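This report refers to the structure that appears directly beneath it.
2 protein chains.
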Amino acid sequence: MTKSEQTRSLIVDTALRLFAERGYDKTTMRAIATEAGLSVGNAYYYFGSKEHLIQGFYDRIQELHFAACAEILATETDFETRMRRMLLAWVDIAEPYRAFGAQFFRNAADPASPLSPFSVESTEVRNRHIALHSTVLNESTAKVDGELREVLPELMWLYHMTVVLYWVHDRSPHSATTRMLISRTTPLIARLVGLSRLKVFRTITRDGVQLFRDLGWFPSPPKPE
Amino acid sequence: MTKSEQTRSLIVDTALRLFAERGYDKTTMRAIATEAGLSVGNAYYYFGSKEHLIQGFYDRIQELHFAACAEILATETDFETRMRRMLLAWVDIAEPYRAFGAQFFRNAADPASPLSPFSVESTEVRNRHIALHSTVLNESTAKVDGELREVLPELMWLYHMTVVLYWVHDRSPHSATTRMLISRTTPLIARLVGLSRLKVFRTITRDGVQLFRDLGWFPSPPKPE
DNA sequence: GCCTGATTTTGAACATGTTCAACGTCTCGT
DNA sequence: ACGAGACGTTGAACATGTTCAAAATCAGGC
Chain L
46 MTKSEQTRSL IVDTALRLFA ERGYDKTTMR AIATEAGLSV GNAYYYFGSK
96 EHLIQGFYDR IQELHFAACA EILATETDFE TRMRRMLLAW VDIAEPYRAF
146 GAQFFRNAAD PASPLSPFSV ESTEVRNRHI ALHSTVLNES TAKVDGELRE
196 VLPELMWLYH MTVVLYWVHD RSPHSATTRM LISRTTPLIA RLVGLSRLKV
246 FRTITRDGVQ LFRDLGWFPS PPKPE
Chain V
46 MTKSEQTRSL IVDTALRLFA ERGYDKTTMR AIATEAGLSV GNAYYYFGSK
96 EHLIQGFYDR IQELHFAACA EILATETDFE TRMRRMLLAW VDIAEPYRAF
146 GAQFFRNAAD PASPLSPFSV ESTEVRNRHI ALHSTVLNES TAKVDGELRE
196 VLPELMWLYH MTVVLYWVHD RSPHSATTRM LISRTTPLIA RLVGLSRLKV
246 FRTITRDGVQ LFRDLGWFPS PPKPE
C-alpha cells in the first residue's frame, strides 16, 4: 500500500468514525482534517468533495455484505431463501450506519451525483452487486422463464434498491419493519417468478422484459465529468 | 390576500423564475432577495430555508396537473387510457422544470426533509394526489378484485412516484424516454389489474394487499418538528 | 394622537464547503 | 549531487446558506 493510499484510508476511516459519532452534517471537513492530522486543503486533494467520502461507506458495506453472503450462498439452494437471507444480511451489516445512512441517500437520489447508484461512476459497484444477484439466482433451484432469466438479476437489484429506500425511512428498532418487508416480499417474488412460465403470463412477461430492454438502463446516465 | 401572503407569493415567484433561469444551485438566496426587493433575512422570515421554497414548485405543478386532468377524466372512461394520459399530462406540465427538477429530488429523498413525498408535512398534498388516482380508477370501466381496489390508488401513486424518479434521471429530449416508459407500462399494469381476479392470482394478490396493509404507510414517518 | 406590544424588516456576523496560489518534498535522469 | 518536474501540502480567502440582535413598522386600546 503506497503512502497515498494510506492517506486516503486514513481520511475515510476518520470521516466514517466522525460521521458515526456526530452524524454527517455535524461533521465538518475541518474536523475531519484536524482529526486525521492534515490540512483541509489536503483532504480536498484526495477527495473532490465531502460527498465523495461517502463512497468509502459504500465500499465498506459492500465488502462486508459480500463476505456475509459467501457463507449463505454456499449452503442454501432454495431461491427464495437465498434472496431473503442475502437481503437480511445486508440489513444486518448496514444497521450500525442507519442513523446517519439516511443523510447519504440525499445525495444518492441526485442523478447528477456520482454517488447515485445509477450513475456512470457507480457502474463498477453496481455491476458487482448485480453479479451477486445473478449468483443468488443461477445457483438456486428456481425454474424461470428463459427470457425473464436474463434480466432478472437486474430486476432483483432494483428490488434491492427499493428495499434500501424503504430502509432509510425505517425508524423501527433493529429495522424490524424493513425485515418484515423483506421476509414477506421475497416469497411473493419467488411465486411470481415461478408463475412467469404460465401461459397467461407469458405474453405479459415477454412485453415487460422487452420494455426493460428497450429502456436500456436509465435513459441517459450522467456523463462522467 | 393579505400583505403577508403577497410577500410569500412574490418570493416564490421570484425564486422559481431564477431557478428556471440559472438552476437551483446557481441561484443564491441573496439574488432571490435582491430580485424580490427585500433583504435576505426577510426571506428567511417567510421561508425557513432555501429548500422550503421548493414547496412552491410542488404546489404549482400539482395545481396545473389537476387542471389538466379535469378535461381528460371527464371524457375518457378506459382505465388504461385515463392513467396513461394523466401521467403524460404530468410530464407535459413538469417539462419546463426538468433541467433543475432533479435538484429538488435530492431533498425529496431525504426522509428527514419535510419535502419528502412520504413525510408527514406532505400528507395533505399526497392525499390529494392519491385521491386523483382514485378518480382515475373509480370512474373508469376497469374490473378489479375487491380487495385490491381499496389499496390500488395508493399503489398507483407509488407507481407515479417511480415514474417521477425515472423522469429526474431522464436526459432525453422532450422526456421522450419517460413518455415511452409510461405508454408501455400502463398497458402492462392495466392487464395485471385485470388478471388480479383470476384464480391463480387470487392468493398472491391477497397476500400482497395484506402485506401492504400491515406495513401501514412508510414504517414510521418522520415526526413533525 | 400616543403608547404598547406584535409583527416585520434589516444587514452584519457566522458556519462551513470549496478553491487556489504559493510552498515543500520526493523522484529520477544525468 | 543537482536540477527539473511531478506530486503533495498548506492555510488564507471565498461563496453562500443561515442566524440574530436591533431597528422599523404596524395594529389596536386609551
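Protein chains in written order, with our numbering: chain L, 46 to 270; chain V, 46 to 270. We put the beta carbon where it would ideally sit given N, CA and C, even for glycine. Computed from a prediction, not measured in an experiment: that's the story for all the values here.
- Chain L has no Cβ within less than 7 Å of the Cβ of G146/V.
- Taking CB atoms only, G253/V has a neighbour in chain L less than 7 Å away.
- Within chain L, I249 have C-beta atoms less than 7 Å from the C-beta of R236/V, given in sequence order.
- Per the Cβ contact rule, the stretch 156–175 of chain L is not in contact with the stretch 233–241 of chain L (fewer than 3 Cβ pairs under 8 Å).
- Selection G101/V, V254/V and G68/V evaluated against D190/V yields V254/V as nearest (Cα-Cα).
- Using a Cβ distance threshold of 7 Å, L118/V and T186/V do not count as a contacting pair.
- Around V189/V, no beta-carbon contact reaches into chain L at under 7 Å, the shortest distance being about 16 Å.
- Closer than 7 Å to the CB of R173/V there is not a single CB belonging to chain L.
- Inter-residue distance for R224/L and E121/L is about 19 Å (C-alpha atoms, whole angstroms).
- Separation of the CB atoms of G101/L and V57/L is rounded to 3 Å, and the pair is thereby assigned contact status at 8 Å.
- Shown here for L226/V: same chain residues with a beta carbon closer than 7 Å to its own, the five before and five after excluded, namely V208 and Y211 in chain order.
- For E169/L, the secondary structure class from DSSP, reduced to helix, strand or coil, is helix.
- Residue contact with chain V for L133/L: absent (no Cβ-Cβ distance below 7 Å to any residue of chain V).
- When DSSP states are grouped into helix, strand and coil, G68/V belongs to the coil group.
- R229/V reaches chain L at L256, counting residues in chain order whose Cβ is nearer than 7 Å.
- Comparing alpha carbon positions, the residue from L83/V, R129/V and M46/V closest to M201/V is R129/V.
- Rounded to whole angstroms, the gap between the alpha carbons of P232/L and Q51/V is 54 Å.
- Of E140/V, A113/V, L55/V and I106/V, the smallest CA-CA separation from H214/V is found for E140/V.
- Spatial neighbours of F150/V in its own chain (CB-CB distance under 6 Å, excluding positions within 5 residues in sequence) are listed in chain order as V213.
- Taking a 10 Å sphere around the C-beta of P218/V, we find fewer than 16 other C-beta atoms and assign the residue as exposed.
- Close CB contacts of V85/L within its chain, under the 7 Å cut and outside five residues either way in sequence, are with M74, R75 and A78 (chain order).
- Neighbours of L226/V across chain L, judged by C-beta separation under 7 Å: L260.
- As the crow flies, the alpha-carbon of G261/V is around 11 Å from that of E199/V.
- Taking the beta carbon of L243/V as reference, the chain L residues within 8 Å of it are V245, listed in sequence order.
- For E140/L, the three-state secondary structure derived from DSSP is helix.
- Annotated three-state conformation of P198/V is helix, per DSSP.
- Against chain L, a Cβ distance below 9 Å from F150/V picks out A154, D155 and P156.
- Cα atoms of R53/L and L98/L: separation of roughly 10 Å, rounded to the nearest angstrom.
- Annotation: the continuous alpha helix (DSSP H) that includes V238/V extends over A221 to L240.
- Residues of chain L whose Cβ lies closer than 8 Å to the Cβ of L193/V do not exist; the shortest such Cβ separation is about 14 Å.
- Comparing alpha-carbon positions, the option among R247/L, D259/L, D70/L and A115/L lying closest to Q148/L turns out to be D70/L.
- The beta carbon of D155/V is closer than 8 Å to those of S161 in its chain, skipping five residues each way along the sequence.
- Of all residues in the stretch 76–109 of chain V, none places a beta-carbon less than 8 Å from a beta-carbon of chain L.
- For the pair T72/V and L63/V, the CB atoms are nearer than the 7 Å cut-off.
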